[in-house]
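In this note's numbering, the protein residues as written are 1 to 259. I have placed the structure first, in the form of structure tokens, so that the comments after it can refer back to it.
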DNA sequence: ATGGTAGCCCTGCTA
């Protein structure tokens, strides 16, 4: 089973490339972030034509998350639950569904903008709600994958230059502690377990030729509970998808599981 | 030079 995640930075602008990539990479499950669509505009038919069922959660032209699957999509659910105050309640940033026996969660963690700021505080609060939601609804022995754009580089080796990010979001101790909390609960950074090196980035700013200069960050993660993580046989960032005409600023991250 | 680009969809906001 092949699971992938991709922040597409507008599905409207990127549909052709996503279709091409699906035919090329043939994931069983693809989690999308930043579709920038309302549900009524989600191109479910285009994915259906390629053999994918899909669910989407989006209010408007900002954020928005989706899950595509060739192995079934059961019990779709979005958000943290009706009794939980979402610090980004106006946004669509979390969608779960059961695909091929795995509870798959597509997340688009708030960016945080600046440190300090109200947005940064709400990013950290959003992480707390995510951890509480996991703790309340799942156990570490359940097959769960939480994947998407976390907008955090978990370690220094996950950024091209630590000096360039002093005082910025994505690398602060509280943000990294939020990832650690998820790991402490039982999620494994599957990609990092496979590969130890640097330069394993999944995101490069559009500006300044950052991609071609190698100035990236690893912020798109595939976190999995041990029953899933132990099945991982292979993982890759498909950097070719960051090249060519009208690329997203993120590349897809792909993880293969043995049956 | 407090920069740069891309996508939202109209002009400034978000990333």
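All C-beta atoms in this analysis are idealised placements derived from N, C-alpha and C, irrespective of residue type, glycine included. Computed from a predicted model, the values in this text were never measured in an experiment.
Same chain only: Cβ atoms within 6 Å of residue i, ignoring 5 sequence neighbours per side
i, result
"residue 200", "218"
"residue 100", "1 and 71"
"residue 105", "96 and 146"
"residue 236", "254"
"residue 58", "35, 37, 38, 39, 64 and 92"
The alpha helix (DSSP H) enclosing residue i, as first and last residue numbers
i, result
"residue 121", "118-137"
"residue 190", "190-194"
Coarse secondary structure for residue i, derived from DSSP in three states
i, result
"residue 216", "strand"
"residue 225", "strand"
"residue 41", "helix"
"residue 57", "strand"
"residue 240", "helix"
"residue 170", "coil"
"residue 10", "coil"
"residue 77", "strand"
"residue 152", "coil"
"residue 82", "coil"
"residue 91", "coil"
"residue 18", "helix"
"residue 177", "helix"
"residue 52", "coil"
"residue 72", "coil"
Per DSSP, the bridge partner or partners of residue i
i, result
"residue 257", "232"
"residue 3", "29 and 255"
"residue 146", "105 and 223"
"residue 250", "203"
"residue 159", "217"
"residue 187", "225"
Local Cβ density within 10 Å of residue i, reported as buried at 16 or more and exposed below that
i, result
"residue 103", "buried"
"residue 184", "exposed"
"residue 116", "exposed"
"residue 174", "exposed"
"residue 33", "buried"
"residue 242", "buried"
Cut-off 7 Å between Cβ atoms - residues of its own chain near residue i, not counting five sequence neighbours on either side
i, result
"residue 153", "159, 170, 171, 217, 218 and 219"
"residue 214", "160 and 199"
"residue 136", "none"
"residue 15", "43 and 46"
Span of the beta strand (DSSP E) around residue i
i, result
"residue 98", "94-99"
"residue 140", "Taken as a continuous stretch (DSSP letters only), residue 140 belongs to no beta strand (DSSP E), as it is neither H nor E."
"residue 67", "65-69"
Contact set for residue i: own chain, Cβ-Cβ below 8 Å, skip 5 residues either direction
i, result
"residue 193", "229 and 232"
"residue 167", "115"
"residue 142", "103, 225 and 227"
"residue 23", "50"
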